[in-house]
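Protein chains in written order, with this note's numbering: chain W, 94 to 419; chain V, -8 to 240.
No residue lacks a Cβ here, since even glycine has one placed at the ideal position from N, Cα and C.
First comes the structure, then the notes that go with it.
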């Protein structure tokens, strides 16, 4: 249980640190961090899948579902509370995930990735032609309230949304850390290594992957709802394949070892994008490609593996036993 | 007395190759049964059918009087059947103790928990006991991918034994192990399960191993059982010498 308490204590400290950092940071950085955390949550879902040996190229589906659920609730039912909107986004993603999971649980590798990509493009196509949802133009959203508090000034609103996003992110990250360190988390890792043995030990790999998919879908929905509130606009591009590709990029950049690394990677990428669009707007995609290439070549385990490497290099190697079987 | 395992008229063909032809066997509780035969004789097919990895074309598998034919491996495991593999099937990126921890956790249906930490004092105590029984303690924190072949074989068997099976099937437990290590490895395995009343079926090519550790031997040839009995009797059988051992006893 000490592991869980340790994670919860770290979560409380992270919340406090983020609140202070957000207060001290300039508004532009607060906006970038808010969007980065939102996208990081979607990438965290991919990390949960990666731990089980799967990579989804269609998380845009759930990102989009969460965003549209929050947007429609705000516009059609006049629900303005951020917590409620994000909860609706999570439920929308989860429901969609639970429906799709059984269809995909039997697929692996490129087939799984391609099927998720295909689903996201179907959603993109449908939304483009659904004029009641704004068609290709999408919908504009206004600023939400926070547990009854509606900030008056725009800077206060940005900070309030940042605080809310940070809180949501830290809670989700802590829950994922606990899950990854649990028996089920280890089982996912094991299924990635050897499905045959998992089945022969009495567990169902389909079930493991299905649950991971549902978790990833819910995280996608939360990320989508938070992004919608942060950007104040939703459109079918939320489900476009390049959006899904960006989440995969974040997951590869962070690796599947560390939860924190996902959000560090998300902030770095958003900062990179922001500077690129200002100083070299037409070469951003090229820079992203080079960055990805360097990561795959020199840090295949992602940013999170740096901490692991450090820990391993500090540990003393145990002498090889001489008397036992070779 | 009801046999623990009974197969009745098992048939299995892969195209024109007959892998099992009317295999009917009854195995009593606590027996140590050696399965011998050349490559392609049908030994592993027999194990794969019993453990649910393959469905027979005809015939049935009874365990403790219950028909388990065609059930999935994870269901067969719950019925009390466990196996090791010719090529060890392990979680190679995890450490040895994580492999055993998982096997124990799944046994207790704790695999569903997203909250229970994978390590607990009670479970670690059980892992310690297993590590001692299989003499694996020196390797406990090593990643399975870097373990020597003989040790991997032992881990594979240990993973199967954690399930506390009524029936344990070992597919070539000593294959790929240095000649001088074969007997020590089998000694470790047999000692580890001697406290239990586990019925053991093991596939083996080394007749010295079969002679020492089996109470009874089944000799396979071309998907058929050509001899069934005590090791001395089977190994001196003319047909077995011609088709299986090539004269070695």
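Of all the alpha helix (DSSP H) runs that stay within the bounds of the region 78 to 140 of chain V, which reach a length of 4 or more residues? 87 to 98, 112 to 124
Under 8 Å by beta carbon: chain V residues contacting residue 275 of chain W: On the first chain, position 182 is the one that residue 275 of chain W refers to. Those within 8 Å of residue 275 of chain W in chain V are 104, 105, 106, 107, 108, 109.
Who does residue 326 of chain W pair with in a DSSP beta bridge? Residue numbering aside, residue 326 of chain W sits at position 233 when the first chain is read from its first letter. For residue 326 of chain W, which the question treats as bridged, DSSP gives the partners W:233.
Measuring only between beta-carbons, confirm whether residue 174 of chain V sits less than 8 Å from chain W. Here residue 174 of chain V is taken as the residue at index 183 of the second chain, counted from 1. With 8 Å as the cut-off, residue 174 of chain V does not count as an interface residue toward chain W.
Given 8 Å, three or more beta-carbon pairs between the region 258 to 268 of chain W and the region 204 to 213 of chain W: no
Can you confirm whether residue 64 of chain V, when its beta carbon is compared against all beta carbons of chain W, has any partner nearer than 8 Å? Stepping through the second chain from its first residue, residue 64 of chain V is reached at position 73. By this cut-off, residue 64 of chain V is an interface position.
Checking the sheet assignment: what are the DSSP bridge partners for residue -3 of chain V? One-based indexing of the second chain puts residue -3 of chain V at position 6. According to DSSP, which records beta bridges pairwise, residue -3 of chain V is partnered with V:17, V:53.
Taking 8 Å as the cut-off, decide whether the C-beta atoms of residue -5 of chain V and residue 190 of chain V are in contact. Here residue -5 of chain V refers to the residue found at position 4 when the second chain is read from its first residue. Here residue 190 of chain V refers to the residue found at position 199 when the second chain is read from its first residue. Against a cut-off of 8 Å, the Cβ pair of residue 190 of chain V and residue -5 of chain V comes out as a contact.
Cα separation between residue 40 of chain V and residue 298 of chain W? Taking the first residue of the second chain as 1, we reach residue 40 of chain V at position 49. Taking the first residue of the first chain as 1, we reach residue 298 of chain W at position 205. Computed Cα separation, rounded: 20 Å.
Assuming residue 193 of chain W contacts residue 212 of chain W (C-beta within less than 8 Å), just tell me the rounded distance between them. Counting from 1 along the first chain, the entry for residue 193 of chain W is found at position 100. Counting from 1 along the first chain, the entry for residue 212 of chain W is found at position 119. With 8 Å as the limit, residue 193 of chain W and residue 212 of chain W qualify as a contact, their Cβ atoms being about 7 Å apart.
State the beta-bridge partners of residue 242 of chain W as determined by DSSP. Translated into positions along the first chain, residue 242 of chain W becomes position 149. Residue 242 of chain W is bridged to W:239.
Is it right to say residue 230 of chain V is buried, meaning 16 or more other beta carbons lie within 10 angstroms of its own, or is it exposed? On the second chain, position 239 is the one that residue 230 of chain V refers to. The residue in question, residue 230 of chain V, is exposed, as its Cβ has fewer than 16 Cβ neighbours within 10 Å.
With a threshold of 8 Å, are at least 3 pairs of Cβ atoms found where one atom belongs to the region 59 to 74 of chain V and the other to the region 6 to 15 of chain V? no
Check the Cβ-Cβ distances between residue 166 of chain V and every residue of chain W, and say whether any is below 8 Å. Position 175 of the second chain holds residue 166 of chain V. So, not an interface residue.
Contact residues within the region 279 to 308 of chain W, judged by C-beta distance below 7 Å to chain V: 279, 280, 282, 283, 286, 287, 289, 290, 292, 293, 294, 295, 296, 297
Measure the C-alpha to C-alpha separation of residue 374 of chain W and residue 381 of chain W and round it to an integer number of angstroms. Working through the first chain from its first residue, we reach residue 374 of chain W at position 281. Working through the first chain from its first residue, we reach residue 381 of chain W at position 288. Their Cα atoms are separated by approximately 12 Å.
Nearest residue (CA-CA) to residue 318 of chain W, options W:170, W:222, W:176, W:103: In the first chain, counting from the first residue as 1, residue 318 of chain W sits at position 225. Looking at the Cα atoms, W:176 is the closest of the given residues.
is_contact[residue 82 of chain V, chain W] using C-beta, thresh 8 Å: Position 91 of the second chain, counting from 1, holds the residue named residue 82 of chain V. Taking Cβ atoms only, chain W reaches closer than 8 Å to residue 82 of chain V, which makes this a yes.
Within chain C, the residues that residue 89 of chain V reaches when beta carbons sit closer than 9 Å: Absence of chain C from the displayed structure is noted, the protein chains being W and V.
For residue 191 of chain V, write down the residues that DSSP places opposite it in a beta bridge. As a first step, residue 191 of chain V is located in the second chain; it is residue number 200 there, counting from the start. Note: residue 191 of chain V sits in a beta bridge opposite V:23, V:159.
Three-state secondary structure (DSSP) at residue 206 of chain V? By one-based count along the second chain, residue 206 of chain V stands at place 215. In the structure shown, residue 206 of chain V sits in coil (DSSP, three-state: anything other than H, G, I, E or B).
Could you give the DSSP three-state label for residue 70 of chain V: helix, strand or coil? Taking the first residue of the second chain as 1, we reach residue 70 of chain V at position 79. Three-state result, residue 70 of chain V: helix.
Using a Cβ-Cβ cut-off of less than 7 Å, list which residues of the region 260 to 273 of chain W approach chain V; keep chain order. 271, 272
Any idea if residue 393 of chain W is buried or exposed, counting beta-carbon neighbours within 10 angstroms, 16 or more meaning buried? By one-based count along the first chain, residue 393 of chain W stands at place 300. The residue in question, residue 393 of chain W, is exposed, as its Cβ has fewer than 16 Cβ neighbours within 10 Å.
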